[in-house]
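If you read the protein sequences in the order shown, they are chains A and B.
Following the working numbering, the numbering of the first sequence begins with 25 at its first residue and continues without gaps.
Following the working numbering, the numbering of the second sequence begins with 25 at its first residue and continues without gaps.
Below is one structure, written out as structure tokens; the observations come after it.
Number of protein chains: 2
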Amino acid sequence: MPDLQNDRLLRALQRQPVDRTPVWMMRQAGRYLPEYRATREKAGSFMDLCRSAELACEVTLQPLARFELDAAILFSDILTIPDAMGLGLYFAEGEGPKFERPLRDAAAIRALRKPDMQHDLGYVMSAVSTIRQALAGRVPLIGFAGSPWTLATYMIEGASSRDFARAKSLLYDKPETAHALLALLADTVADYLNAQIEAGAQAVQIFDTWGGALSTPAYREFSLAYMARVVEQLKSEHDGRRVPVILFTKGGGPWLELMTETGCDALGLDWTIEAGDARARVGDRVALQGNLDPAVLNASPEAIRAEVARILASYGPGAGHVFNLGHGITPGVPPEHAGAMINAVLELSPAYHNGN
Amino acid sequence: MPDLQNDRLLRALQRQPVDRTPVWMMRQAGRYLPEYRATREKAGSFMDLCRSAELACEVTLQPLARFELDAAILFSDILTIPDAMGLGLYFAEGEGPKFERPLRDAAAIRALRKPDMQHDLGYVMSAVSTIRQALAGRVPLIGFAGSPWTLATYMIEGASSRDFARAKSLLYDKPETAHALLALLADTVADYLNAQIEAGAQAVQIFDTWGGALSTPAYREFSLAYMARVVEQLKSEHDGRRVPVILFTKGGGPWLELMTETGCDALGLDWTIEAGDARARVGDRVALQGNLDPAVLNASPEAIRAEVARILASYGPGAGHVFNLGHGITPGVPPEHAGAMINAVLELSPAYHNGN
Chain A
25 MPDLQNDRLL
35 RALQRQPVDR
45 TPVWMMRQAG
55 RYLPEYRATR
65 EKAGSFMDLC
75 RSAELACEVT
85 LQPLARFELD
95 AAILFSDILT
105 IPDAMGLGLY
115 FAEGEGPKFE
125 RPLRDAAAIR
135 ALRKPDMQHD
145 LGYVMSAVST
155 IRQALAGRVP
165 LIGFAGSPWT
175 LATYMIEGAS
185 SRDFARAKSL
195 LYDKPETAHA
205 LLALLADTVA
215 DYLNAQIEAG
225 AQAVQIFDTW
235 GGALSTPAYR
245 EFSLAYMARV
255 VEQLKSEHDG
265 RRVPVILFTK
275 GGGPWLELMT
285 ETGCDALGLD
295 WTIEAGDARA
305 RVGDRVALQG
315 NLDPAVLNAS
325 PEAIRAEVAR
335 ILASYGPGAG
345 HVFNLGHGIT
355 PGVPPEHAGA
365 MINAVLELSP
375 AYHNGN
Chain B
25 MPDLQNDRLL
35 RALQRQPVDR
45 TPVWMMRQAG
55 RYLPEYRATR
65 EKAGSFMDLC
75 RSAELACEVT
85 LQPLARFELD
95 AAILFSDILT
105 IPDAMGLGLY
115 FAEGEGPKFE
125 RPLRDAAAIR
135 ALRKPDMQHD
145 LGYVMSAVST
155 IRQALAGRVP
165 LIGFAGSPWT
175 LATYMIEGAS
185 SRDFARAKSL
195 LYDKPETAHA
205 LLALLADTVA
215 DYLNAQIEAG
225 AQAVQIFDTW
235 GGALSTPAYR
245 EFSLAYMARV
255 VEQLKSEHDG
265 RRVPVILFTK
275 GGGPWLELMT
285 ETGCDALGLD
295 WTIEAGDARA
305 RVGDRVALQG
315 NLDPAVLNAS
325 PEAIRAEVAR
335 ILASYGPGAG
345 HVFNLGHGIT
355 PGVPPEHAGA
365 MINAVLELSP
375 AYHNGN
């Protein structure tokens with residue numbers, strides 16, 4: 025593998041000095057880009073796109089051709105794991121992900137098995153190694169997975185949910201069955217991320233999209249504990265380099281201190297918490313990633329720049345900040361607005377790293 | 025008006041001693057009750073139901089006939105105000121509220137006028153006085169309104185929204201126009217709640233359903249400031265009794281201290297914050313209302329009772345707690361599960377008020 029030419033992301037995730045704040049965007053390869061929509065058209069279904077290493081690589085690199093980003097992130101979906109477990113993932117037009125065979129009882133949960141990483145999920149590892157080769161060391165490649173709880177919600181509900189009635193009933197009514205499911209998912213997520221690391225991922229992020237829907241005790245018991253179980257099992261080094269782990273619970277602002285105890289390197293922040301307040305709370309235990317409200321990208325470039333400036337000032341001087349959105353970029357954003365955000369980080373952030 | 029026989033709610037909202045923790049449920053008159061569905065059928069549309077003082081009174085009283093609740097809450101909708109401003113509220117089957125004429129530009133916002141409380145919203149005041157008469161002092165009647173920001177989101181988006189792209193663009197791109205809209209809405213909400221108080225509401229709640237979608241600075245500037253403007257203008261007494269004001273920002277956990285500065289009497293808590301932690305933060309400045317995850321009501325009565333016990337213990341002994349859900353009860357909940365929650369509060373909470 026060629027040497028890494030831009031290690032800002034990896035350094036910032038380990039709170040090491042950098043010349044400016046690194047920047048990437050959740051869902052940076054996605055529907056807001058016309059070139060993505062063209063490739064998606066060519067591929068057929070969304071999952072066809074994920075399953076083709078060449079096309080997944082093509083879309084992963086598209087935002088890097090447009091913008092001066094400091095990382096690439098694997099183009100894939102968090103639901104590849106339940107799909108590999110036999111639940112039958114499909115995407116109904118304009119409706120989000122669905123499963124043909126959601127988990128409807130304890131017997132269905134007991135019947136689940138850990139998928140084989142090469143046999144059942146080899147297409148993801150092929151995509152990772154293809155992308156890593158194509159990047160040729162330009163920027164690091166981030167791998168990712170859904171959190172055990174987040175995967176469980178989709179597996180139990182069979183689709184996106186508003187209030188998680190079924191999934192939460194399992195937690196409250198049959199906690200031992202919930203724990204069995206979450207333990208299996210945690211071990212699978214760990215295997216999956218380790219396989220991505222072996223295939224070439226240089227940092228990994230765990231997306232806990234629905235942890236914020238839980239009460240504090242339920243979050244600790246059913247989401248955080250299993251993310252900790254994942255982190256414990258991850259390879260912390262590969263090819264002589266530390267592989268940083270980012271934990272992102274959307275709506276996780278109340279639990280930042282608890283999250284640092286998992287042993288992760290960095291926390292993703294949504295936009296409901298100030299970067300400076302978060303930094304004061306976590307101290308030097310972890311780096312922080314975030315936290316622009318993606319809706320700001322619908323506003324004018326001037327307004328976007330002002331919000332970038334505000335967030336950089338809130339985090340303040342010194343290492344340990346990765347600029348990002350507080351959630352994925354939305355399909356309607358004009359690409360040049362994403363560019364305005366990235367350029368603002370490039371121009372305004374060096375002032376916060378003068379000491380280096 | 026007959027004397028109030030049960031003043032637990034009003035006392036608790038003012039942090040005065042009570043014999044047990046009072047309890048009511050957001051959306052306690054609603055689709056989970058078969059008797060509600062029968063009245064709704066009879067009424068025609070949802071708004072027909074709101075517009076009939078007799079039917080609105082009928083559904084308001086239905087949960088009180090089933091359960092030992094400590095309050096009634098006016099059956100109505102937060103969107104009566106924008107409807108009265110001419111936006112044309114309607115409910116598409118299974119799709120939530122929509123407006124025929126959403127606010128699409130600054131000119132539409134400038135053209136808005138404060139509705140006349142008697143002429144345009146007199147049906148709400150009729151419902152309030154009819155319900156108050158029918159209650160005959162059994163429990164207090166709570167009036168309510170949406171927060172200015174929450175109303176603005178529906179008025180700008182024209183419907184429920186996932187990411188508030190239009191509404192947030194207004195905040196970031198045309199803050200002065202946003203402020204003009206929010207100021208008009210705040211003054212209207214204040215008039216509306218004062219009219220409800222004059223018609224018989226004995227406490228009022230401001231529902232800031234979408235404040236939690238904002239960043240901290242945007243929340244302070246565009247949601248909280250206008251709730252403060254409402255609270256300032258409210259009659260604090262009527263008929264010789266204090267009329268307590270409850271502020272509920274869903275997802276407002278990070279901002280509790282700021283919310284106390286509005287001069288409200290109580291804060292509504294969703295379930296992502298522990299009642300005890302919230303109490304430690306706000307001290308004796310306000311009472312707290314909440315905070316059971318409504319999804320728990322889908323679980324077994326035993327699990328429901330355990331969660332009630334946990335929340336009562338978290339708040340701890342002494343005055344200032346009103347038991348409630350952390351958001352509205354959902355349509356699929358079996359009524360007897362709501363009963364299990366209420367009975368658990370009745371049975372378990374006196375132990376926390378021994379001193380009185």
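Glycine residues also receive a C-beta, built at the ideal position from the N, C-alpha and C atoms.
### Query
So with Cβ pairs under 7 Å, would you call residue 83 of chain B a contact of chain A?
No, no contact with chain A.
### Task
State the start and end residues of the unbroken beta strand (DSSP E) segment that holds residue 273 of chain B.
Run containing residue 273 of chain B: 269-273, per the beta strand (DSSP E) assignment.
### Task
On a CA-only basis, which of B/107, B/378 and B/218 is nearest residue 229 of chain B? Give me that one, please.
Relative to the Cα of residue 229 of chain B, the nearest Cα in the group B/107, B/378 and B/218 belongs to B/218.
### Task
Anything in chain A within Cβ reach of residue 297 of chain B, meaning under 8 Å, just list it in chain order.
What residue 297 of chain B touches in chain A: 240 and 278.
### Task
Starting from residue 178 of chain B, follow the alpha helix (DSSP H) in both directions and report where the run begins and ends.
Start and end: 172-181.
### Task
Name the two residues that bound the continuous beta strand (DSSP E) containing residue 348 of chain A.
For residue 348 of chain A, the enclosing beta strand (DSSP E) stretches over residues 345-349.
### Query
Between the segment 351-367 of chain A and chain B, which residues of the former have a C-beta closer than 8 Å to a C-beta of the latter?
Flagged, chain order: 354 and 356.
### Query
To which residues of the same chain is residue 51 of chain B closer than 7 Å at the C-beta, ignoring the five residues directly before and after it?
The residues 352 and 353, in chain order, have a CB closer than 7 Å to that of residue 51 of chain B in the same chain once the five nearest residues on each side in sequence are set aside.
### Message
Below 6 Å, is the gap between the Cβ of residue 314 of chain A and the nearest heavy atom of the ligand ADP?
### Response
Ligands are entirely absent from the displayed structure, and the ligand ADP is therefore not among its contents.
### Message
Is there a Cβ of chain D sitting closer than 7 Å to that of residue 138 of chain B, yes or no?
### Response
The structure shown contains no chain D; its protein chains are A and B.
### Query
Just checking, does the segment 235-242 of chain B make contact with the segment 272-290 of chain B on the three C-beta pairs under 8 Å criterion?
Cβ pair count under 8 Å is three or more, so yes.
### Message
Suppose contacts are defined by Cβ-Cβ distances below 7 Å. Is residue 300 of chain B in contact with residue 255 of chain B by that definition?
### Response
Their beta carbons are not under 7 Å apart, which means residue 300 of chain B does not touch residue 255 of chain B by this criterion.
### chain A within 7 Å of residue 327 of chain B, Cβ atoms only
Yes, residue 327 of chain B counts as interfacial toward chain A.
### Task
List the endpoints of the continuous alpha helix (DSSP H) containing residue 133 of chain B.
Segment 130-134, the alpha helix (DSSP H) holding residue 133 of chain B.
### Task
Assign residue 65 of chain B to buried or exposed, taking buried as 16 or more other Cβ atoms, counted over all protein chains shown, within 10 Å of its Cβ.
Looking at its Cβ environment, which holds fewer than 16 other Cβ atoms inside 10 Å, residue 65 of chain B is exposed.
### Message
Give me the chain A residues within the contact set of residue 381 of chain B, using Cβ-Cβ distance strictly less than 8 Å, ordered along the chain.
### Response
Outside the shown range of chain B, which is 25 to 380, sits residue 381 of chain B, and nothing can be said about it.
#### Entry: Cβ contact (3+ pairs, closer than 8 Å) linking the segment 197-217 of chain A and the segment 359-374 of chain B
Taking 8 Å as the limit for Cβ pairs, the verdict is that the segment 359-374 of chain B does not touch the segment 197-217 of chain A.
### Same chain only: Cβ atoms within 7 Å of residue 246 of chain B, ignoring 5 sequence neighbours per side
Closer than 7 Å at Cβ, skipping near neighbours: 173, 195, 202, 206 and 238.
#### Entry: Within 9 Å of chain A by C-beta, residues of the segment 178-191 of chain B in sequence order
From the segment 178-191 of chain B, only 186, 187, 188, 189, 190 and 191 have a Cβ closer than 9 Å to chain A.
### Message
Which of the three DSSP states is assigned to residue 192 of chain A in this structure?
### Response
Of the three classes helix, strand and coil, the one that applies to residue 192 of chain A here is helix, per DSSP.
### Query
Cα-Cα, which of A/359, A/317, A/36 and A/43 is closest to residue 191 of chain B?
Of A/359, A/317, A/36 and A/43, the smallest CA-CA separation from residue 191 of chain B is found for A/317.
### Task
Go to residue 101 of chain B, then tell me how far its beta strand (DSSP E) extends in each direction, as first and last residue.
For residue 101 of chain B, no beta strand (DSSP E) run applies, since DSSP gives it neither H nor E.
### Query
Is it the case that the Cβ atoms of residue 98 of chain B and residue 167 of chain B are separated by a distance below 7 Å?
With contacts defined as CB atoms closer than 7 Å, residue 98 of chain B and residue 167 of chain B qualify as a contacting pair.
### Task
Under 6 Å Cβ to Cβ from residue 33 of chain B, same chain only, skipping five residues before and after it: list those, please.
The residues are 46, 94, 95 and 164.
#### Entry: Exposure of residue 308 of chain B, with buried meaning 16 or more beta-carbon neighbours within 10 Å
So residue 308 of chain B ends up on the exposed side.
### Message
Check whether the segment 121-132 of chain A and the segment 174-188 of chain A are in contact - that is, three or more C-beta pairs closer than 8 Å.
### Response
In short, these stretches touch, since the Cβ pair count reaches three.
### Message
Please tell me whether residue 317 of chain A has its Cβ less than 7 Å away from any Cβ of chain B.
### Response
For residue 317 of chain A, the answer is yes, since a Cβ of chain B falls inside 7 Å of its Cβ.
### Query
So residue 29 of chain A and residue 343 of chain A are in contact, right, with Cβ under 8 Å, and what is the actual spacing, rounded?
The pair is not a contact, with the Cβ atoms about 20 Å apart (cut-off 8 Å).
### Task
Compute the Euclidean distance between the alpha carbons of residue 367 of chain A and residue 44 of chain A, then round it to the nearest angstrom.
Taking the straight line joining both Cα atoms gives about 12 Å.
### Message
Distance cutoff 7 Å, beta carbons only. Does residue 323 of chain B sit that close to anything in chain A?
### Response
So, interface residue.
### Task
Use the C-beta contact count for residue 141 of chain B: other C-beta atoms within 10 angstroms, 16 or more gives buried, fewer gives exposed.
Around the CB of residue 141 of chain B, 16 or more other CB atoms lie within 10 Å, so the residue is classed as buried.
### Query
Of the residues A/49, A/42, A/87 and A/48, which one's Cα is nearest the Cα of residue 63 of chain A?
Among A/49, A/42, A/87 and A/48, the Cα nearest to that of residue 63 of chain A is on A/87.
### Query
Under 9 Å Cβ-Cβ, which residues of chain B neighbour residue 275 of chain A?
Those are 236, 275 and 296, listed as they occur along chain B.
#### Entry: Ranges of the alpha helix (DSSP H) found wholly within the segment 229-311 of chain A, counting only runs of at least 4
Segments of the alpha helix (DSSP H) lying fully in the segment 229-311 of chain A: 249-257, 280-284 and 299-306.
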